[in-house]
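See structure below.
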Amino acid sequence: MNSAPGQPIAMGLNTSVSTRQVSIVDGTKVKVGVSGSYNINFSAQLLHTSNDATSVDIWLRVNGSDVPASNTQLNFSKKDERYIAAWNFMVDLQANDYVQLMWFSNEPTMRLAYSGPGIAPVRPAVPSLIVTINQVG
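Sequence positions in the sequence shown follow this note's numbering and run -8 to 128.
What follows is the structure, encoded as structure tokens:
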């Protein structure tokens, strides 16, 4: 659930699959170890569970500052709508810089939605957030 309606929230990360000069810090920050240009890709599964129309904003922060013109707004009009927000950002970072994916909604029932593993047939869980960061230059 949206733990702070009306306030920006940093999306949480708790698992690293591959970490080549990239690390998760404080559960929300992704820190790079090498200066360069980075392509930051993400997909976030959002679920709207109220009957009220609402919106969600998602944007990028670098070292605690919002990146200008990085926000995108998704609009939800009915209960149990599920959207996958998926796009990328290109940013120049210095060694030890960190990035955060931020989100905002006034709707308290809006959430980043995790779905557990399936059975019959067996299939993997659906994470609420996937982030991939590649140094490209």
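Just so it is clear, CB atoms sit at the ideal spot from N, CA and C, and this is done for glycine as well.
All values derive from a computational prediction rather than experimental measurement.
1. Can the beta-carbon of residue 78 be found less than 7 Å from the beta-carbon of residue 61?
2. Judging by CA-CA distance, which residue of 126, 117, 127, 101 is the nearest neighbour of residue 41?
3. Short of 8 Å in beta carbon distance, which residues of its chain neighbour residue 27, apart from the five on each side in sequence? Order them along the chain.
4. Mapping the DSSP letters down to three states, classify residue 122 as helix, strand or coil.
5. Under the three-state reduction of DSSP, which class applies to residue 93: helix, strand or coil?
6. Take every Cβ of the region 15 to 27, pair it with every Cβ of the region 61 to 75, and state whether three or more of those distances are shorter than 8 Å.
7. Just grab the DSSP bridge partners of residue 37 for me.
8. Under 7 Å, do residue 66 and residue -3 count as touching if we go by C-beta distance?
9. Put residue 4 into one of helix, strand or coil per three-state DSSP.
10. Once the 5 residues before and after residue 105 are set aside, which same chain residues still bring their CB inside 8 Å of it?
11. Would you check whether the ligand ATP has a heavy atom nearer than 6 Å to the C-beta of residue 126?
12. Name, in chain order, the residues that DSSP records as bridge partners for residue 27.
13. Look up residue 58 in the DSSP assignment and say whether it is helix, strand or coil.
A quick look at the data gives this:
1. Here residue 78 refers to the residue found at position 87 when the sequence shown is read from its first residue. Here residue 61 refers to the residue found at position 70 when the sequence shown is read from its first residue. Not closer than 7 Å, so no.
2. The sequence position of residue 41 within the sequence shown is 50, counting from 1. Of 126, 117, 127, 101, the residue nearest in Cα terms is 101.
3. Taking the sequence shown and counting its residues from 1, one reaches residue 27 at position 36. Cβ within range, chain order: 83, 84, 126, 127, 128.
4. In the sequence shown, the residue the question calls residue 122 occupies position 131. Residue 122 falls in the strand class under three-state DSSP.
5. Here the question's residue 93 lines up with position 102 in the sequence shown. Strand at residue 93.
6. The way I'd put it, the region 15 to 27 doesn't touch the region 61 to 75; fewer than three beta-carbon pairs between them come closer than 8 Å.
7. As a working note, residue 37 is residue 46 in the sequence shown. Looking at the DSSP assignment, residue 37 forms a beta bridge with 74, 103.
8. As a position in the sequence shown, residue 66 is number 75, starting the count at 1. As a position in the sequence shown, residue -3 is number 6, starting the count at 1. No, Cβ-Cβ distance for residue 66 and residue -3 is not below 7 Å.
9. Position 13 of the sequence shown holds residue 4. Looking at residue 4 - three-state DSSP - the assignment turns out to be coil, as it is neither helix nor strand.
10. Here residue 105 corresponds to residue number 114 of the sequence shown, with the count starting at 1. If we look at residue 105 and ignore the five residues flanking it on each side, its Cβ neighbours are 36, 116, 117, 118, 119.
11. Annotation note on the ligand ATP: not contained in the displayed structure, which lists no ligands.
12. Within the sequence shown, residue 27 is the residue found at index 36, counting from 1. DSSP lists 84 as partners of residue 27.
13. If you number the sequence shown from 1, residue 58 lands on position 67. DSSP places residue 58 in coil when its eight states are reduced to three.
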